[in-house]
Amino acid sequence: MTTLLELKKLNFAYFKNSKILDNIDLILNQNKIYGLIGKNGAGKTTFIKTLSSVFNNNVFTLEYFKFFDKEVQLSSEFYRQNKFTVFTESESFLNWTFLQYLEMVCQLYNCSIERKRLEFLVNGFKFEEYCKKEIRDLSTGNKKKVFLIVGLYLRRPLLILDEPFDGLDFESTEFLYKMLLEYKQYGTVLLSTHFAESVVRVCDYLYILENAHINLFQGNVSEWLESIRK
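Heads up: take any position in the sequence shown, counting from 1, add 725, and you land on our numbering.
Shown next, in the form of structure tokens:
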């Protein structure tokens, strides 16, 4: 397997004696789906935001970070151009429509809009009637679809998803499962979730965040499900 991303000794703390993330090591291989689970408040969203270049480095330290076998900064343009994150809740771009947001993101990522592929995703998420509405006027589930459609459309080598199934109806959840499995042709997915079904349905590997540490579950995902049922 070819390594896409390697992160060594990540520490995160807002206050000196209160670590949220403690000496985190993480490896993501290409064309795989990784689940990230942990109790509420364990630090999943903090970890995802750190990996998504949201925070300044005054709240975290890092021994090194490699992407495509190159040692780079989390804030580097090379890394930013090759990953996309869908956050669990986003209060950005509320005055924009889906189409306006898509056009802006495609400009940032230097990609064109392929109408056929876009229509496939929009139709799959049953989003046709909402494309020209302002994001602020959409339901929680439809807001989530805006960013999921764009993330899936871009096909970046790394797609990061924070609780992607929250707020989605059954049909959209099933469509997302299908799209994530297909996404492995184009890149790697890291997704946080509290739904056991989503881990079993799509994840190749599972990271568990507990007590400020992240550990890779040693075994297949089905074995993890059996272990929590005991």
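By construction, the Cβ of each residue, glycine as well, lies at the ideal position given by its N, Cα and C atoms. Every value quoted in this text rests on a predicted model; they were computed, and no experiment measured them.
Asked: For alanine 937, the three-state DSSP class (helix, strand or coil); Found: coil
Asked: Uninterrupted alpha helix (DSSP H) stretches inside the segment 766–820 (no shorter than 4 residues); Found: 769–776 and 802–806
Asked: Spatially closest choice to arginine 805 from Leu883, Phe890 and Gly849, by CA coordinates; Found: Leu883
Asked: CB contact flag (valine 946, valine 925, <7 Å); Found: yes
Asked: Within 7 Å, strictly: CB atoms of leucine 873 and valine 830; Found: no
Asked: Threonine 913 versus Trp821, Lys808 and Gly849, residue with shortest Cα-Cα distance; Found: Lys808
Asked: 6 Å CB neighbourhood of lysine 870 in its chain, flanking five on each side removed; Found: Phe850 and Phe852
Asked: Buried or exposed (CB count within 10 angstroms, at least 16 for buried), methionine 726; Found: exposed
Asked: Bridge partners - serine 917, DSSP secondary structure assignment; Found: Leu761 and Asp887
Asked: Rounded C-alpha distance that separates glutamine 798 from tryptophan 821; Found: 31 Å
Asked: Any non-hydrogen atom of the ligand GTP within 6 Å of tyrosine 911 CB; Found: Absence of the ligand GTP from the depicted structure is noted, as is the absence of any ligand whatsoever, leaving it without description.
Asked: From Leu893, Phe772 and Val847, residue whose alpha carbon lies closest to that of glutamate 857; Found: Residue identity check: residue 857 is lysine in the sequence provided, not glutamate. It is Val847 whose Cα lies nearest to the Cα of lysine 857.
Asked: Delimiting residues of the alpha helix (DSSP H) encompassing threonine 898; Found: 895–908
Asked: C-beta atoms of aspartate 887 and serine 917 nearer than 7 Å; Found: yes
Asked: Nearest residue (CA-CA) to asparagine 680, options Glu839, Ser815 and Phe740; Found: Beyond the ends of the chain as shown, which are 726 and 955, falls residue 680; an answer cannot be given.
Asked: Sub-7 Å separation of isoleucine 933 and isoleucine 749 beta-carbons; Found: no
Asked: Distance, asparagine 756 Cα to isoleucine 838 Cα; Found: 23 Å
Asked: For leucine 873, three-class secondary structure by DSSP; Found: helix
Asked: Proximity winner among Glu844, Asn867, Ile860 and Met904, relative to glutamine 825 (alpha-carbon distances); Found: Ile860
Asked: Which of helix, strand or coil DSSP assigns to aspartate 862; Found: helix
Asked: DSSP beta-bridge partners of tyrosine 855; Found: For tyrosine 855, which the question treats as bridged, DSSP gives no partner whatsoever.
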